[in-house]
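Okay, so here's the structure we're looking at.
Number of protein chains: 2
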Amino acid sequence: MKVTLKTIAQEAGLSITTVSRALAGYDDVNEATRQRVIAIAKRLGYQPNLAARHLRSKQTHTIGMVIPLTSYYSDPFFMELLSGVGRQAAEYGYDLLLSAQQPGEEELIAYRRMVASSRIDGVIVARVWKDDPRIALLREVQHPFVAFGRSNDGNYPHIDVDGLSGMLQLMRHLVERGHRRIALILSPANLVFTAVRYQGYVQGLAEAGLPLRQDYLVEADLSQEGGCAAAQHLLALPDPPTAIVACNDTMAIGALEAARARGLKVGRDIAVAGFDDIPLAAYTDPPLTTVRQPIYEIGRRALDMLIRVIRREPLQEPHVLITPELIVRQSTGGASPAGGQVRV
Amino acid sequence: MKVTLKTIAQEAGLSITTVSRALAGYDDVNEATRQRVIAIAKRLGYQPNLAARHLRSKQTHTIGMVIPLTSYYSDPFFMELLSGVGRQAAEYGYDLLLSAQQPGEEELIAYRRMVASSRIDGVIVARVWKDDPRIALLREVQHPFVAFGRSNDGNYPHIDVDGLSGMLQLMRHLVERGHRRIALILSPANLVFTAVRYQGYVQGLAEAGLPLRQDYLVEADLSQEGGCAAAQHLLALPDPPTAIVACNDTMAIGALEAARARGLKVGRDIAVAGFDDIPLAAYTDPPLTTVRQPIYEIGRRALDMLIRVIRREPLQEPHVLITPELIVRQSTGGASPAGGQVRV
DNA sequence: CTGTTAGCGCCTTCAG
DNA sequence: CTGAAGGCGCTAACAG
Numbered sequence: 001m002k003v004t005l006k007t008i009a010q011e012a013g014l015s016i017t018t019v020s021r022a023l024a025g026y027d028d029v030n031e032a033t034r035q036r037v038i039a040i041a042k043r044l045g046y047q048p049n050l051a052a053r054h055l056r057s058k059q060t061h062t063i064g065m066v067i068p069l070t071s072y073y074s075d076p077f078f079m080e081l082l083s084g085v086g087r088q089a090a091e092y093g094y095d096l097l098l099s100a101q102q103p104g105e106e107e108l109i110a111y112r113r114m115v116a117s118s119r120i121d122g123v124i125v126a127r128v129w130k131d132d133p134r135i136a137l138l139r140e141v142q143h144p145f146v147a148f149g150r151s152n153d154g155n156y157p158h159i160d161v162d163g164l165s166g167m168l169q170l171m172r173h174l175v176e177r178g179h180r181r182i183a184l185i186l187s188p189a190n191l192v193f194t195a196v197r198y199q200g201y202v203q204g205l206a207e208a209g210l211p212l213r214q215d216y217l218v219e220a221d222l223s224q225e226g227g228c229a230a231a232q233h234l235l236a237l238p239d240p241p242t243a244i245v246a247c248n249d250t251m252a253i254g255a256l257e258a259a260r261a262r263g264l265k266v267g268r269d270i271a272v273a274g275f276d277d278i279p280l281a282a283y284t285d286p287p288l289t290t291v292r293q294p295i296y297e298i299g300r301r302a303l304d305m306l307i308r309v310i311r312r313e314p315l316q317e318p319h320v321l322i323t324p325e326l327i328v329r330q331s332t333g334g335a336s337p338a339g340g341q342v343r344v
Numbered sequence: 345m346k347v348t349l350k351t352i353a354q355e356a357g358l359s360i361t362t363v364s365r366a367l368a369g370y371d372d373v374n375e376a377t378r379q380r381v382i383a384i385a386k387r388l389g390y391q392p393n394l395a396a397r398h399l400r401s402k403q404t405h406t407i408g409m410v411i412p413l414t415s416y417y418s419d420p421f422f423m424e425l426l427s428g429v430g431r432q433a434a435e436y437g438y439d440l441l442l443s444a445q446q447p448g449e450e451e452l453i454a455y456r457r458m459v460a461s462s463r464i465d466g467v468i469v470a471r472v473w474k475d476d477p478r479i480a481l482l483r484e485v486q487h488p489f490v491a492f493g494r495s496n497d498g499n500y501p502h503i504d505v506d507g508l509s510g511m512l513q514l515m516r517h518l519v520e521r522g523h524r525r526i527a528l529i530l531s532p533a534n535l536v537f538t539a540v541r542y543q544g545y546v547q548g549l550a551e552a553g554l555p556l557r558q559d560y561l562v563e564a565d566l567s568q569e570g571g572c573a574a575a576q577h578l579l580a581l582p583d584p585p586t587a588i589v590a591c592n593d594t595m596a597i598g599a600l601e602a603a604r605a606r607g608l609k610v611g612r613d614i615a616v617a618g619f620d621d622i623p624l625a626a627y628t629d630p631p632l633t634t635v636r637q638p639i640y641e642i643g644r645r646a647l648d649m650l651i652r653v654i655r656r657e658p659l660q661e662p663h664v665l666i667t668p669e670l671i672v673r674q675s676t677g678g679a680s681p682a683g684g685q686v687r688v
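Top to bottom, those sequences are chains D and Y.
Position 295, counted from 1, in the first sequence is what our numbering calls 295; the numbers after and before it change by one each time, with no gaps.
Position 226, counted from 1, in the second sequence is what our numbering calls 570; the numbers after and before it change by one each time, with no gaps.
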């Protein structure tokens with residue numbers, strides 16, 4: 001049988017209330033009584049029924065996250081973020097409630113369920129869309145949340161990586177290497193970071209006095225297969241690019257594949273770069289030049305912010321913008337400009 | 345204000361009971377009334393309070409998992425498993441409750457809390473220990489669970505990979521390549537799979553008529569750093585091995601590092617192999633020969649079993665043993681025996 | 001210092 | 001077909 005406060009109360013010959021207070025550490029309980037209660041609770045292996053406690057107290061010490069329905073392999077981003085969030089949640093004694101959902105309509109329903117069902121105290125929203133209905137929902141019902149990414153109206157607690165700066169660093173690096181025909185594999189247009197990274201690309205071209213060519217822009221779906229197909233298309237152009245930048249590493253890895261399949265040696269015949277610096281990026285062949293987003297750290301920090309939001313403490317910095325770091329590896333010719341000139 | 349059954353009842357001029365039954369789909373409610381109730385619920389955005397529902401029904405539609413407190417990078421295994429479990433949980437409409445904990449005492453407390461606090465219907469236990477106290481606990485309180493791995497007394501629902509077979513395949517492969525001095529980097533002795541994989545190693549040596557050398561056995565902690573240190577030790581022996589097998593890929597990657605630091609070309613001067621086939625393994629330099637555990641699939645399957653356990657349906661196969669597949673890559677000289685002879 | 005009372009929101013008898 | 005009553009386990013006034 002389950003051990004409840006009632007069980008202990010009977011055993012101790014006390015009321016449920018007193019047992020509750022003794023265990024909760026209230027100071028209006030006789031110390032001897034308390035010790036007795038604690039001893040019995042321990043002996044019986046009492047564990048509070050959290051469903052009841054949550055119902056009563058309206059607090060769950062649980063953070064919610066909705067994650068896409070994929071294997072780690074096809075989308076490392078979320079798992080890395082999850083690691084960071086989970087890690088920091090543990091620090092505060094919070095648990096994580098995960099709901100794996102197909103992106104889209106289902107996902108929104110999952111959010112609706114989560115926030116309204118009194119199971120969580122707050123949520124982390126990742127990979128923000130333009131005019132994100134999830135964020136609209138959370139703001140409307142005033143449910144605590146922190147987002148990774150900012151949408152058009154970014155007036156809510158969030159952390160973001162400055163994709164413009166990141167992409168600009170990358171473009172300067174490529175231009176410095178002598179590239180003048182640089183293509184971009186775009187991520188889906190509904191994601192906020194797509195537009196930002198695209199801006200960085202455009203600005204990078206402008207700085208170098210290079211034209212913006214529509215035929216050098218292809219959209220793909222963040223996956224390796226998508227990146228591969230996009231790169232194939234670019235490489236088959238009559239006037240193919242000498243450098244391909246992808247909006248995330250997974251697509252860039254697909255581009256490596258496409259280049260290899262065409263018999264091109266990446267880093268020499270063509271440059272390829274990504275964005276994210278997922279763990280794999282350092283191990284691809286050749287290792288991938290990319291822009292590092294410290295996802296794990298961002299997860300931890302987002303959770304810190306969320307705890308403050310939940311506790312209704314003011315945020316000293318509600319909008320965090322992190323400047324990412326360019327990581328130069330062999331896929332763009334390596335670290336030294338001299339040794340890594342690409343033949344154009 | 346929160347919308348509850350009461351809100352709807354007042355709005356509809358009905359009792360809470362009727363509203364509850366209308367929404368639950370009982371057939372003893374007038375169809376017109378039901379439609380009216382449903383319309384109001386929808387209009388008000390009603391979401392049942394799950395804390396209350398759980399308290400009442402003793403069912404949570406939630407699966408618990410305790411995961412170690414690390415980043416994905418340092419331990420890909422759990423995240424991959426988690427992906428599989430989460431994926432399949434979604435299939436059944438279940439959510440996942442995660443508690444990130446320091447392995448050891450803390451972890452056991454987390455299990456105790458989880459199972460006794462009525463927040464979850466079942467748990468998945470991964471990376472089983474010898475005489476695992478977590479399993480002892482779960483059996484004692486008769487809480488539904490499925491384990492990935494079997495301990496000494498494996499008489500509980502579990503899935504396992506046949507580590508003996510896997511290791512044996514690997515040993516045969518190395519012996520075939522001409523290796524006669526094969527060292528093993530062991531995982532911690534308290535993990536069940538360590539002993540099993542060790543058995544495979546011993547059996548592999550015996551089959552080839554090779555001696556079991558104590559100086560070729562080193563234990564490390566599953567981490568890359570640990571694997572690197574262990575390999576350094578092995579390579580510094582007066583009579584160093586020509587092949588190093590690690591009990592998991594992460595340690596094997598550390599061994600690659602150690603070999604490289606010593607100026608050895610892996611795949612030619614020395615062979616290195618791992619176990620798991622984590623996503624990274626295909627991308628290391630050189631790509632890592634390993635034994636593939638289909639972790640994602642195992643996660644899905646474990647969840648299938650768990651759902652049956654929760655529903656008290658009989659398991660047609662309570663103890664699943666999967667024979668893993670040897671994946672030969674360049675770190676042991678590549679796929680073709682001819683081209684990949686290792687100099688010994 | 002301790003006990004009584006009163007719900008949190010939901011579901012499930014049992015009456016009408 | 002609908003409503004009233006009771007209770008899941010816990011906590012928070014309010015009395016004594």
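Glycine residues also receive a C-beta, built at the ideal position from the N, C-alpha and C atoms.
Every value quoted in this text rests on a predicted model; they were computed, and no experiment measured them.
Residue state for D:H61 is assigned as coil, using DSSP reduced to three classes. With the criterion set as a beta carbon lying under 7 Å from some beta carbon of chain Y, the members of the stretch 85–104 of chain D are G86, R87, A89, A90, D95, L96, L97, L98, S99, A100 and Q101, in sequence order. Below the 8 Å Cβ cutoff, chain Y contributes A395 as neighbours of D:H54, in chain order.
Under the three-state reduction of DSSP, D:H143 is assigned to coil, being neither helix nor strand. Nearest to D:A147 by alpha-carbon distance, out of D:R34, D:R134 and D:V141, is D:R134. Taken in chain order, the members of the stretch 118–139 of chain D whose beta-carbon sits within less than 8 Å of a beta-carbon on chain Y are S118 and R119. At a beta-carbon threshold of 9 Å, the residues of chain Y lying near D:T284 are Y627, ordered along the chain. Put simply, of Y:P392, Y:Y390, Y:S401 and Y:S443 the residue whose alpha carbon is nearest the alpha carbon of Y:I411 is Y:S443. Under the criterion of beta carbons closer than 8 Å, Y:A353 and Y:V363 qualify as touching, at roughly 5 Å.
Taking C-beta atoms as the reference points, Y:R463 and D:L50 count as a pair closer than 8 Å. By alpha-carbon distance to Y:Q576, the top candidate from Y:D559, Y:G553, Y:L561 and Y:A603 is Y:A603. At least one C-beta of chain Y is nearer than 8 Å to the C-beta of D:I67. For Y:Q391, the chain D residues whose C-beta falls within less than 7 Å of its own C-beta are R112, R113, A116 and S117, listed in chain order. With fewer than 16 other Cβ atoms inside 10 Å of its own Cβ, Y:G369 counts as exposed.
Along the stretch 548–583 of chain Y, the beta strand (DSSP E) occurs as fully enclosed runs of 3 or more residues at 561–563, listed in sequence order. Under DSSP, Y:F492 shares a beta bridge with Y:A470 and Y:I503. By the Cβ-count criterion, Y:P555 is exposed, with fewer than 16 other Cβ atoms from all chains shown falling within 10 Å of its own Cβ.
Counting along the chain, D:V85 sits inside the alpha helix (DSSP H) bounded by residues P76 to Y92. With a cut-off of 8 Å on Cβ pairs, the stretch 291–310 of chain D is in contact with the stretch 82–98 of chain D, counting three or more such pairs. For D:I16, the CB contacts under 7 Å within the same chain, skipping 5 residues up- and downstream, are L5, K6 and A9 in chain order. The beta carbon of Y:R673 is closer than 6 Å to those of P631, L632 and T633 in its chain, skipping five residues each way along the sequence. One finds Y72, P76, M79, E80, L82 and S83 in chain D with Cβ atoms closer than 9 Å to the Cβ of Y:M423, taken in chain order.
Take Y:A599, set aside five residues on each side of it, and the residues of its chain with a beta-carbon closer than 6 Å to its own are G571, A575, I588, A590 and V616, in chain order. Excluding the 5 residues flanking it on each side, D:L237 has same chain C-beta neighbours closer than 7 Å at D215, in chain order.
For Y:P668, not one C-beta of chain D is nearer than 8 Å to its own C-beta. With respect to the 8 Å criterion, D:G209 and D:G163 are not classified as neighbours on the basis of their beta carbons. Where Y:A625 is concerned, there is no enclosing alpha helix (DSSP H), because DSSP gives it neither an H nor an E.
Here Y:N592 is near Y:L566, since their CB atoms are less than 8 Å apart.
Between the C-alpha atoms of D:D27 and D:V320 there is a straight-line separation of about 41 Å. Just measuring C-alpha positions, the residue of Y:D629, Y:H502 and Y:Y390 sitting nearest Y:V347 is Y:Y390. Take Y:G408, set aside five residues on each side of it, and the residues of its chain with a beta-carbon closer than 6 Å to its own are L441, M458, I464 and V467, in chain order. Around Y:R636, the same chain offers D621, P668, E669 and I671 as residues with beta carbons nearer than 6 Å, after the five sequence neighbours per side are excluded.
Taking 8 Å as the threshold, the shortest C-beta distance from Y:L452 to chain D does not fall below it. When the beta-carbon positions are compared, D:F77 and D:I295 come within less than 8 Å of each other. Around the CB of Y:D475, fewer than 16 other CB atoms lie within 10 Å, so the residue is classed as exposed.
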